[in-house]
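These protein sequence lines are chains A and B, in that order.
Position one of the first sequence corresponds to residue 1 (my numbering), numbered consecutively onward.
Position one of the second sequence corresponds to residue 1001 (my numbering), numbered consecutively onward.
Below is one structure, written out as structure tokens; the observations come after it.
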Amino acid sequence: MSGPDTSYVGIVLVSHSGPVAESVARLATGLAGGDVKAPVAAAGGTPDGGLGTSAELIAEAAREVDRGAGVAVLVDLGSAVLTVKALLAEGDELPEGTRLVDAPFVEGAVAAVVTASTGADVDAVAAAAGEAYAYRKD
Amino acid sequence: MTAAAASVDREAARLTDLDSAIGDADHGSNLQRGFAAVVKTLETEPPQTPGAVLTTAGRQLISTVGGASGPLYGTLLRRTGKALGEAGSVTADELRTALRAGVDAVAQLGGAAPGDATMLDALNPAVEALATSFAAAAEAAVQGAEATVPLQARKGRASYLGERSIGHQDPGATSSALLFTALAQTADDGEGAK
Chain A
1 MSGPDTSYVG
11 IVLVSHSGPV
21 AESVARLATG
31 LAGGDVKAPV
41 AAAGGTPDGG
51 LGTSAELIAE
61 AAREVDRGAG
71 VAVLVDLGSA
81 VLTVKALLAE
91 GDELPEGTRL
101 VDAPFVEGAV
111 AAVVTASTGA
121 DVDAVAAAAG
131 EAYAYRKD
Chain B
1001 MTAAAASVDR
1011 EAARLTDLDS
1021 AIGDADHGSN
1031 LQRGFAAVVK
1041 TLETEPPQTP
1051 GAVLTTAGRQ
1061 LISTVGGASG
1071 PLYGTLLRRT
1081 GKALGEAGSV
1091 TADELRTALR
1101 AGVDAVAQLG
1111 GAAPGDATML
1121 DALNPAVEAL
1131 ATSFAAAAEA
1141 AVQGAEATVP
1151 LQARKGRASY
1161 LGERSIGHQD
1171 PGATSSALLF
1181 TALAQTADDG
1191 EGAK
């Protein structure tokens, strides 16, 4: 669809826990190797460091990674899903081209960062992250 | 809105108790924080219309609650407010139609159906009963919340408990009943606007 080659899709990782979001961001960029070009931001927990979801932190993280090629938001559970959906429904809270990606949080984050760093557009990033649901573990 | 905030304040401990049985024990304190922010914002920048009061309040709840009830109640109030539009005053009928739109938006956002033991089990019968009176709506919401006791939760954290969620009143349905009770009390004191 869109996705000019001059910019990369941004990735936002939303968890109920600040440390979880930060760690998954480090894990994903680490496993993606030395060639991480896509901007990645963590938005975990509440602004005071508690467990929960913060609309403010999410919006801030999305603005931080927005390069004009879209922003893929990966979430863990419950209120993280609902808060991002509610922000998207608001229309003007998140950068244009932001989308909620239906993907497992950890595996999806790795797939998203790797794919976004190739310069893929936001649809390809979302598809790659979503495909991580298919990797069975038994 | 102020009555709703006061009611949430009074009942926060009970909501959190209900939530500690099947959730993560933060429903009361989350809503308390959200409604405190709502009251503060409405005092600092008082909106001009009932619709604007609701959209402003909804925006605050989405921003400050921190749990799933934030986006859910935030969406309820915002969609209801948007449906009311710019009108300077609102009839009970107009409020009912607008609340219907708000509740439908909540159902869409959360993906819950009646009988899943969620706030919808209080909100849906309340909006139906609003055709009769505000008091009937409040009563229907309370009954709807009580009716979640034998239900198995299918949404939210309580759904992880499976059958063990049976026998507990849903905290979200309970807080919805509080809000409709506050609405009924306020409506009795004057016109239908919150």
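Here a beta-carbon is modelled for each residue, glycine too, at the ideal position from N, C-alpha and C.
Residue i in three-state terms, based on DSSP
i                  : result
Ala59 of chain A   : helix
Arg1059 of chain B : helix
Leu100 of chain A  : strand
Gln1185 of chain B : helix
Gly1073 of chain B : For the sequence presented, residue 1073 of chain B should be read as Tyr rather than Gly. Tyr1073 of chain B falls in the helix class under three-state DSSP.
Lys137 of chain A  : coil
Glu150 of chain A  : An answer regarding residue 150 of chain A cannot be provided, because it is not within the stretch 1 to 138 covered by chain A.
Pro1114 of chain B : coil
Lys37 of chain A   : coil
Val1065 of chain B : coil
Residues bridged to residue i [DSSP beta-bridge criterion]
i                : result
Val84 of chain A : Val84 of chain A is not bridged to any residue.
Leu13 of chain A : A:Ala42, A:Leu74
8 angstroms CB neighbourhood of residue i in its chain, flanking five on each side removed
i                  : result
Val1039 of chain B : Met1001, Thr1002, Ala1005
Arg1033 of chain B : Thr1064, Val1065, Gly1066
Ala1158 of chain B : Ile1022, Gly1023, Ala1117, Ser1165, His1168, Asp1170
Val71 of chain A   : Val9, Gly10, Ile11, Val12, Ala62, Val65, Leu94, Pro95, Gly97, Thr98, Arg99, Val122
Ala1187 of chain B : Ala1092, Phe1134
Beta-carbon contacts of residue i that lie in its chain and below 6 angstroms, excluding the five residues immediately before and after
i                  : result
Arg1100 of chain B : Val1127
Ala1140 of chain B : Pro1125, Ala1126, Ala1129
Ser79 of chain A   : Thr53
Buried versus exposed, by CB contacts within 10 Å (16 or more), residue i
i                  : result
Ser15 of chain A   : buried
Glu1043 of chain B : exposed
Tyr1073 of chain B : buried
Gln1048 of chain B : exposed
Pro19 of chain A   : exposed
Alpha-carbon to alpha-carbon, residue j and residue i
i                  : j                  : result
Asp1019 of chain B : Val24 of chain A   : 29 angstroms
Leu1161 of chain B : Ala1021 of chain B : 10 angstroms
Gly1115 of chain B : Ile1166 of chain B : 12 angstroms
Glu1146 of chain B : Ala1112 of chain B : 18 angstroms
Leu1151 of chain B : Leu1178 of chain B : 20 angstroms
Asp5 of chain A    : Gly119 of chain A  : Legend: pLDDT at Asp5 of chain A = 48, less than 50; position of this residue unreliable, value from coordinates given subsequently. Each residue's alpha carbon lies about 6 angstroms from the other.
Leu1120 of chain B : Arg1078 of chain B : 16 angstroms
Leu87 of chain A   : Leu1095 of chain B : 24 angstroms
Lys1082 of chain B : Gly52 of chain A   : 27 angstroms
Ala1129 of chain B : Val81 of chain A   : 31 angstroms
Tyr133 of chain A  : Ala32 of chain A   : 18 angstroms
Thr1087 of chain B : Pro1071 of chain B : With the sequence shown as reference, residue 1087 of chain B is identified as Ala, and Thr is not the correct amino acid for it. Their Cα atoms are separated by approximately 25 angstroms.
Phe105 of chain A  : Leu1109 of chain B : 20 angstroms
Ser1029 of chain B : Asp1017 of chain B : 10 angstroms
Chain D within 7 angstroms of residue i, Cβ atoms only
i                 : result
Ala103 of chain A : The displayed structure is made up of protein chains A and B, and chain D is not among them.
Cut-off 7 angstroms between Cβ atoms - residues of its own chain near residue i, not counting five sequence neighbours on either side
i                : result
Ala21 of chain A : Leu13, Val14, Ser15, Ala42, Ala43, Gly44
Leu77 of chain A : His16
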